[in-house]
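Chemist: Have a look at the structure that comes next, please.
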Ligand SMILES: NC(=O)C1=CN([C@@H]2O[C@H](COP(=O)(O)OP(=O)(O)OC[C@H]3O[C@@H](n4cnc5c(N)ncnc54)[C@H](OP(=O)(O)O)[C@@H]3O)[C@@H](O)[C@H]2O)C=CC1
Ligand SMILES: Cc1cn([C@H]2C[C@H](O)[C@@H](COP(=O)(O)OP(=O)(O)O[C@H]3O[C@@H](C)C(=O)[C@@H](O)[C@H]3O)O2)c(=O)[nH]c1=O
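In UniProt numbering, the protein residues as written are 1 to 257.
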């Protein structure tokens with residue numbers, strides 16, 4: 001029986017993994033939320049790994065508030081870079097394979113085509129920079145790792161664009177959504193399944209991988225699709241945002257291939 005530690009287990013992706021975990025009877029899951037395991041505490045991380053022999057660690061713990069990360073980059077780096085480093089050190093010491101989740105925001109968005117794993121990274125905001133530093137630590141410390149970059153996650157869990165648009169469609173009459181960024185919305189449930197299927201495969205190709213649902217669109221297009229799918233188009237008017245109410249830089253194009 002393979003033992004799988006899932007960190008940040010009460011986040012969006014962590015909850016998607018919990019939801020399907022019962023279908024993987026050959027895997028023994030140990031779910032740890034931020035209260036049960038603080039990945040920024042190296043001693044806490046090491047102690048947990050000493051007690052149990054994990055075959056895999058899926059690191060879902062992260063600082064994901066992109067706007068707040070710009071104001072308090074130290075917080076983002078503490079979790080996304082130093083926290084990832086602590087996990088990588090423990091995985092290396094206790095021979096655990098690490099599956100770490102990263103982001104499309106490691107790219108600057110200046111490329112016209114979708115980004116492949118061979119493309120150079122160049123993050124333009126603090127969240128992206130902190131996530132890239134996490135990737136670099138992992139690559140430096142540990143051979144047995146899989147870094148899965150994904151984008152624009154949404155699901156029934158946690159805080160995400162999909163749920164925000166549904167909430168706004170109820171509370172507001174007009175929605176303004178930017179069409180200045182293009183990316184691939186990805187259902188976090190699909191990513192959860194992909195991760196567990198990958199664990200179940202006998203051979204794992206270490207390194208950086210990209211995983212999305214594959215359909216590129218702007219945030220405006222995505223909002224339109226959400227309203228259509230939920231039959232809310234008559235309830236709220238949707239406009240392309242002319243002025244962006246945020247000063248945070250986000251990649252213009254972050255399609256992943
Ligand atoms: N959401 C998205 O659109 C995308 C996310 N990703 C990446 O996917 C991964 C999962 O994201 P998602 O599930 O959406 O994010 P969430 O913010 O929903 O979940 C992250 C979880 O990490 C926990 N956490 C924060 N700090 C710590 C800490 N120091 N120790 C342990 N746990 C901590 C949070 O707990 P608490 O709430 O208690 O702080 C939260 O439960 C992340 O690595 C993210 O960078 C990549 C691309 C897109
Ligand atoms: C809710 C809303 C957002 N927007 C804009 C702001 C932003 O440019 C874009 C998306 O808003 P969000 O707050 O979801 O953006 P953001 O938090 O940047 O989303 C990112 O999160 C991190 C964790 C990732 O890793 C990325 O892949 C990506 O999903 O839409 C509007 O224009 N109008 C709106 O009503």
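Using N, Cα and C, we set each Cβ at its ideal position, and we do this for glycine too.
Count Cβ pairs between the region 10 to 30 and the region 193 to 203 that sit closer than 8 Å; are there 3 or more?
Modeler: Short answer: they touch.
Chemist: Counting by C-beta, which residues lie closer than 5 Å to a heavy atom of ligand 4, in chain order?
Modeler: Annotation note on ligand 4: not contained in the displayed structure, which lists ligand 1 and ligand 2 as its ligands.
Chemist: Mind the definition here: the region 171 to 185 touches the region 218 to 227 only if three or more C-beta pairs lie below 8 Å; say whether that holds.
Modeler: Enough Cβ pairs lie closer than 8 Å, so yes.
Chemist: So is residue 239 buried or exposed if we call it buried at 16+ other beta carbons inside 10 Å?
Modeler: Taking the chain shown and counting its residues from 1, the one referred to as residue 239 is at position 239. Residue 239 is exposed by the Cβ-count criterion.
Chemist: Considering only heavy atoms of ligand 2, does any lie closer than 8 Å to the CB of residue 258?
Modeler: One cannot answer for residue 258 here, as it falls past the ends of the chain, which runs 1 to 257.
Chemist: Have a look at residue 84 and residue 14 and give me their C-alpha separation to the nearest angstrom.
Modeler: The sequence position of residue 84 within the chain shown is 84, counting from 1. The sequence position of residue 14 within the chain shown is 14, counting from 1. Cα-Cα distance, rounded: 16 Å.
Chemist: Hey, out of 166, 154, 56, whose CA is closest to residue 190's CA?
Modeler: Counted from its first residue, the chain shown places residue 190 at position 190. It is 154.
Chemist: Tell me whether residue 170 is buried or exposed, calling it buried when 16 or more other Cβ atoms sit within 10 Å of its Cβ.
Modeler: Numbered from its first residue, the chain shown carries residue 170 at position 170. Exposed, because fewer than 16 other Cβ atoms sit within 10 Å of the Cβ of residue 170.
Chemist: Counting only the same chain and skipping the five closest in sequence on each side, list residues whose C-beta sits under 8 Å from that of residue 75.
Modeler: For the purposes of this step, residue 75 is identified with residue 75 of the chain shown, where counting begins at 1. So the list reads 63, 68, 69, once near-sequence residues are dropped.
Chemist: Can you give me the C-alpha to C-alpha distance between residue 124 and residue 1, rounded to a whole angstrom?
Modeler: Taking the first residue of the chain shown as 1, we reach residue 124 at position 124. Taking the first residue of the chain shown as 1, we reach residue 1 at position 1. One C-alpha to the other measures close to 42 Å.
Chemist: For my contact list, residue 183 and residue 104 are in at a C-beta cut-off of 8 Å; report their separation, rounded to the angstrom.
Modeler: Along the chain shown, read from residue 1 onward, the residue named residue 183 stands at position 183. Along the chain shown, read from residue 1 onward, the residue named residue 104 stands at position 104. At roughly 6 Å, the Cβ-Cβ gap stays under 8 Å, so residue 183 and residue 104 are in contact.
Chemist: Look at the Cβ atom of residue 208, then the Cβ atom of residue 127, and state whether they are nearer than 9 Å.
Modeler: In the chain shown, counting from the first residue as 1, residue 208 sits at position 208. In the chain shown, counting from the first residue as 1, residue 127 sits at position 127. No.
Chemist: Hey, how far is the Cα of residue 41 from the Cα of residue 35?
Modeler: Here residue 41 refers to the residue found at position 41 when the chain shown is read from its first residue. Here residue 35 refers to the residue found at position 35 when the chain shown is read from its first residue. Roughly 11 Å separates the two Cα atoms.
Chemist: Taking only heavy atoms of ligand 2 into account, decide whether any of them is closer than 8 Å to the Cβ of residue 236.
Modeler: In the chain shown, residue 236 corresponds to position 236, counting from 1. Incorrect: residue 236 has no Cβ contact closer than 8 Å to ligand 2.
Chemist: Under a CB-based cut-off of 9 Å, is residue 174 close to chain D?
Modeler: Given the protein chain composition of this structure (a single chain), no chain D is represented.
Chemist: For residue 154, which three-state DSSP category applies?
Modeler: For this step, residue 154 is matched to residue 154 along the chain shown. It is a strand residue.
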